[in-house]
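Here is the structure we will look at, set down as structure tokens.
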Amino acid sequence: MGRPLRNSVHKLLIALSVVASGVVSLTNSTAWGQRAATHYFHSGDLPPGAIGRGQLLRGGPAPGYFQPVEITAPQGVLISPAVKGQFVEPRPNILRAGMLLGEVYRFRISGIPDHEAHEVFPTVEVVSRLHPPPGQETRFPIPIQLTLEDLVMAASGRYIVRVIYLEDPTAALPLAQDPALQRYFEVPAGQDPLKVADEMGRPVAILRMGSRVPDLQRETTNLGFSYGEPPVLFYEKQITVPRDSGLEEAAARDPRDLRRYRRVPVTR
Amino acid sequence: MTLTQIPKQGHHAARWLITTLVAASTFVAPGCRAMRPDSSPEALTTAPAGATHRQIGDTATELTLTKPTRYPVQRVTYEPPSLPQAAFAPIPPGADQYCPPQGGPAAEGPWSPDGLARPWPIDEYIWDGGDRDTLVEVGNDWTVRGLDQEDTVAHYDTVDGRVQVTPSNRVPIYAPRFAAVRQIHGPEIHQSREGLAAAERNLRLRSQDTRQLASAALQPEQVVREHNLRSPVLMRDQTRGLPIATALLPSGFSNRFLPHEDLLLIQRGTYLASEKARLTELTRAALIWSSDQMAQAVIDGVTAHLAQDSYVPGETYNYELPPGKPRLRLVKVASQSEALPGEIIDFTLRFDNVGEQKIGNVTIVDSLTTRLEYVEGSAQCSLKAKFGTQENDGDSLVLRWEIDDPLDTGAGGIIRFKCRVR
């Protein structure tokens, strides 16, 4: 009788020591101590407009500010924003507009190369604003690029989310950036793109497109599809005066730009 | 009970009741005109067709207007305010909270939260100059330690064999750069995305957001500006005139000042109080100049008696440099305060021996930040100097000028170079 009792006591002690060592190793592990201490209020899969409206609660001069945004697309693509119940006259390749924070803007993208029969209806949501020097607002718009790859995938039924963020200058990649090709990082489906963008900088805009084919006969008159058609400002021309000094090469500029900024006599 | 089920003896009574109701509604309906949206005073400013201008006492026209007028039924629509340019107007600094912009004349700068240093927000700017993080130290063999990105310092040897280090001011340049995070969902996970969107909307976290706001309200201690330490005598000592020939004696130096160098401080090394505003605009370094890091009082421009009046009336504080103290002033300005990726910025460094003894082995070191790329062959120095570069930890360059000859008291020079914004 004594030996079985002693064996069971030994087994109990061994089990207790294993459990105790496990608890100690768990509480002392670096993984436990390095858990993320950030509580994220937003996530990337919130409905369009929810994140931007949440940002308006933070205070500051965000309500009523029209943040300049520049939407670019490949050659031949037409961009048509939804204004007052219809998609207005499309702009080729590029659209500069001032958008309110917290609002959602619907666009119609047509003329996709090799996919002329398809149309994509992306939305743009501005979630944070910039604070450029006075008078330089339209010189530093938020760039939103519609790549051909994204458009084709959206036309084929995929749902694409692009979170555009402002790089942290202290952790920026030491590489020159081509303004015509925005650098982006791929995030797998299990991760939150908003959180990843927040870790790399400050999210400023969200582009969502694909995964939905609207019934245009019914939905163009439905304000829910165009999210109420919030106010928008269109910048047909670059407003700021270009700097002659500081540019890389004066001759490298597009000669059409020179005509655009041609001086005209002042008339009363 | 429907009308068809009414007994015959009550049929006439019910018919009379219906007739009375219809007649009453006919009389009451015209009285609802006051509820029409176009009956407002603004709508009456546009006279209907056939009406004449109404004047007080004009009975004929009053009779004309009292005729019922047919208004077309219009859909009530909302027109958003057009072109709110006032949204771009800067908010006056110092406001306790946000108030709508009034569209008045431009104030001193864009809005920024109280208590935070300007320019704000810092993630939209790149910086160059100063001595960030670890303080730069120089060994006896002129080995530089603690040189971080953005740092711009000068070190020199004194007559008694010491090595002194002087940082420059910091120059902010508005140059935001963007990137994106892309996520692609296939159609098969579309439904789960919709479900999560409704499930993760947790309103309880709003209070957490509020707490973050409170903890982020960084209130740096207001700098107790001991302006009274600098006496006007000291100002005169440090801003002595310089012969132009001393400052501009270079070989291979472009002997023409750039537009952003139109300052007497840069051209001759002489500080004028009237240039303070423009210098502040170019350097945006007013906070740096008033901090304890910068030993120079020349940019301060605040006389001692002014400070005494504010704090301790009747007392006089004088501070004089010990005789023979070495001192080097290093000022940095940039050609523009904002830039897009690909643009080129001119930087100018002005260094002066504002001390009271000759200094030697003057070396100026500038570690460029990650977003700035040195333009090859653009470095110039008005004095004879050796120039070299070395890679830093931000994959950019450390620029180094070693001035050959010692600097006499009051002597100085100019360094220029160009950087491309990445």
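Keeping their order, the protein sequence lines are chains S and Z.
Using the numbering used here, count along the first sequence one by one with no gaps and you end on 460.
Using the numbering used here, count along the second sequence one by one with no gaps and you end on 829.
No residue lacks a Cβ here, since even glycine has one placed at the ideal position from N, Cα and C.
Within the stretch 581–596 of chain Z, the residues whose Cβ lies closer than 9 Å to some Cβ of chain S are TYR581, ALA582, PRO583, ARG584, PHE585, ALA586, ALA587, VAL588, ARG589, GLN590, ILE591, HIS592, GLY593, PRO594, ILE596, listed in chain order.
Using beta-carbon distances, GLU745 (chain Z) counts as an interface residue toward chain S, with a partner under 7 Å. Within the stretch 796–812 of chain Z, the residues whose Cβ lies closer than 8 Å to any Cβ of chain S are, in chain order, GLY801, ASP802, SER803. In the DSSP assignment, LEU672 (chain Z) falls within the alpha helix (DSSP H) that extends over 671–674.
An exposed status is given to SER200 (chain S), since fewer than 16 other beta-carbon atoms sit within 10 Å of its beta-carbon.
Chain S has no Cβ within less than 7 Å of the Cβ of ASP558 (chain Z).
Rounded to whole angstroms, the gap between the alpha carbons of ILE766 (chain Z) and ARG734 (chain Z) is 8 Å. Residue contact with chain Z for GLN259 (chain S): absent (no Cβ-Cβ distance below 7 Å to any residue of chain Z).
Distance from PRO422 (chain S) to GLU295 (chain S) at the Cβ level is roughly 4 Å; contact confirmed, criterion being Cβ atoms closer than 8 Å. Sixteen is the threshold: when 16 or more other Cβ atoms of the shown chains lie within 10 Å of the Cβ of GLY820 (chain Z), as they do, the residue is buried.
Counting C-beta pairs closer than 8 Å gives three or more between the stretch 334–349 of chain S and the stretch 257–274 of chain S, which meets the contact rule. Comparing alpha-carbon positions, the option among S:GLY303, S:PRO395, S:SER235 lying closest to VAL344 (chain S) turns out to be S:GLY303. Shown here for PRO583 (chain Z): same chain residues with a beta carbon closer than 6 Å to its own, the five before and five after excluded, namely GLU531 in chain order.
Residues of the stretch 527–555 of chain Z with a C-beta atom less than 9 Å from some C-beta of chain S are TRP527, PRO528, ILE529, ASP530, GLU531, TYR532, ILE533, TRP534, listed in chain order. Shown in chain order are the members of the stretch 735–759 of chain Z whose Cβ falls below 9 Å from a Cβ of chain S: SER742, GLN743, SER744, GLU745, ALA746, LEU747, PRO748, GLY749, GLU750, ILE751, ILE752, ASP753. Between the beta-carbon of PRO385 (chain S) and that of GLY241 (chain S) there is about 17 Å, and that puts the pair past the 8 Å contact cut. Taking all protein chains in view, the Cβ of ARG552 (chain Z) is surrounded by fewer than 16 other Cβ atoms within 10 Å, so the residue is classified as exposed. Listed in chain order, the positions of the stretch 355–375 of chain S with a beta carbon within less than 7 Å of a beta carbon of chain Z are VAL355, ILE356, TYR357, LEU358, GLU359, ASP360, PRO361, ALA364, PRO366, LEU367, ALA368, GLN369, PRO371, GLN374, ARG375. For the stretch 255–285 of chain S, the beta-carbon criterion of a distance under 7 Å to any beta-carbon of chain Z is satisfied by GLY256, TYR257, PHE258.
Ranked by Cα distance from ASP540 (chain Z), the first of Z:GLN556, Z:LEU790, Z:VAL828, Z:GLY676 is Z:GLN556. For VAL545 (chain Z), the beta-bridge partners assigned by DSSP are Z:VAL551. Between the alpha carbons of SER348 (chain S) and ASP306 (chain S) lies a distance of about 13 Å.
Taking each of S:PRO335, S:GLU329, S:GLU308 in turn and checking the Cα distance to GLN374 (chain S), the smallest one comes out for S:PRO335. Going by C-alpha positions, PHE664 (chain Z) is about 10 Å away from ARG823 (chain Z).
Using a CB distance cut-off of 7 Å, GLN328 (chain S) counts as an interface residue toward chain Z. By the C-beta density criterion, LEU790 (chain Z) is buried, having at least 16 other C-beta atoms within 10 angstroms.
A straight line joining the alpha-carbon of HIS231 (chain S) with that of ILE206 (chain S) spans about 40 Å. Checking the DSSP bridge columns, you'll see TRP527 (chain Z) has no partner listed. Residue state for TRP534 (chain Z) is assigned as strand, using DSSP reduced to three classes. At a cut-off of 7 Å between C-beta atoms, PRO579 (chain Z) does not count as an interface residue with respect to chain S. Apart from the 5 residues on each side of it in sequence, VAL379 (chain S) sits with its Cβ closer than 7 Å to the Cβ of PRO385, VAL388 in its chain, given in chain order. Looking at Z:GLN629, Z:THR777, Z:ASP567, the one whose alpha-carbon comes closest to that of GLU763 (chain Z) is Z:ASP567.
By the Cβ-count criterion, SER519 (chain Z) is buried, with 16 or more other Cβ atoms from all chains shown falling within 10 Å of its own Cβ.
Only residues of its own chain outside the window of five on either side were considered, and among them ILE533, TRP534, ASP535, GLN556, GLU557, GLY801, SER803 have a CB closer than 7 Å to the CB of THR776 (chain Z), listed in chain order. ARG778 (chain Z) has a beta carbon lying within less than 7 Å of a beta carbon in chain S. Taking 7 Å as the cut-off, the Cβ atoms of ARG404 (chain S) and TYR357 (chain S) do not count as close.
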